[in-house]
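Data first, discussion second: the structure below is written as structure tokens.
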Ligand code: FES
């Protein structure tokens, strides 16, 4: 009983083995940025200074696809940070897992905010770089002060695609751990 209890107490609650860092779990080819309404994100129509939740990588399994470790804030930057250009440079996608203690943060577009905020202990993230600038995540050493990111391409019609990420701290980052800023 004692041994079994100990095992349960230390059982990880995240399925590391099936997700991180596991390149085979990411698509080998670019995939469209699918918004919650089922449409593909487009540089000509996605609102400036706005964010939606996207899922990456998708598995096709509705339960697995709801894992927080697959959720990303897909952000079009506000105009003052260059988000008015109808091109890839206006967009960001950062893992929604806060690098402090893994709460889920989100982007707040209101004037005076325009940043990512974690509701648990107040970490705040720069939407341009994904680096924490306030709260406990900002006090952590790199790479654990900067959110993992996804990269994009746009086709001739402006539709956005996620290019295949490389899950490593010096590349796209590791979800729940961080990324060395470029
Ligand atoms: S988990 Fe986000 S600030 Fe602590």
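Numbering (the working numbering), first residue to last: 247 to 428. All C-beta atoms, glycine included, are put in the ideal place defined by N, C-alpha and C.
Contacts around residue 400, its chain only, beta-carbon distance under 6 Å, and the 5 residues preceding and following it disregarded = What you label residue 400 is simply residue 154 of the chain shown in a count that begins at 1. Correct list, in chain order: 289, 334 and 406.
So residue 351 packs on residue 364, CB below 8 Å; how close in whole Å?
-> The residue labelled residue 351 in the question sits at position 105 within the chain shown. The residue labelled residue 364 in the question sits at position 118 within the chain shown. Right, their Cβ atoms sit about 4 Å apart.
Secondary structure of residue 425, DSSP reduced to three states = Translated into the one-based positions of the chain shown, residue 425 becomes position 179. The answer is coil: DSSP assigns residue 425 none of H, G, I, E or B.
Would you call the CB atoms of residue 389 and residue 424 closer than 9 Å?
-> The residue you call residue 389 lines up with position 143 of the chain shown. The residue you call residue 424 lines up with position 178 of the chain shown. Yes, they are a contact pair.
Can we count residue 296 as close to ligand 1, meaning its CB is less than 8 Å from some heavy atom?
-> Within the chain shown, numbered from 1, the residue matching residue 296 stands at position 50. No, the beta carbon of residue 296 sits no closer than 8 Å to any heavy atom of ligand 1.
Any chance you could list the residues with Cβ under 7 Å from a heavy atom of ligand 1, keeping chain order?
-> 344, 346, 347, 348, 349, 351, 364, 366, 367, 368, 369, 381, 382 and 383
Quick one: measure Cβ to Cβ for residue 393 and residue 336, integer angstroms, because I've assumed they're closer than 8 Å.
-> In the chain shown, the residue the question calls residue 393 occupies position 147. In the chain shown, the residue the question calls residue 336 occupies position 90. Not a contact, Cβ separation roughly 18 Å.
For residue 399, name the three-state secondary structure that DSSP assigns.
-> Counted from its first residue, the chain shown places residue 399 at position 153. Correct three-state label for residue 399: strand.
Run through the stretch 325 to 378 for me and flag every whole beta strand (DSSP E) of 3 or more residues, listed as ranges in chain order.
-> 337 to 341, 352 to 354 and 361 to 363
Short check: CB of residue 435 to CB of residue 293, under 9 Å?
-> Because the chain is modelled from 247 through 428, residue 435 falls outside the range shown and cannot be assessed.
Separation of residue 371 from residue 395, as counted between CA atoms = Walking along the chain shown from the start, residue 395 turns up at place 149. Walking along the chain shown from the start, residue 371 turns up at place 125. When rounded, the distance between both Cα atoms is 13 Å.
Can you tell me which of the three DSSP states residue 313 falls into?
-> What you label residue 313 is simply residue 67 of the chain shown in a count that begins at 1. Reduced to three states, the DSSP call for residue 313 is coil.
Top-ranked residue by Cα proximity to residue 344, from 314, 310 and 356 = Taking the first residue of the chain shown as position 1, residue 344 is located at position 98. It is 314 whose Cα lies nearest to the Cα of residue 344.
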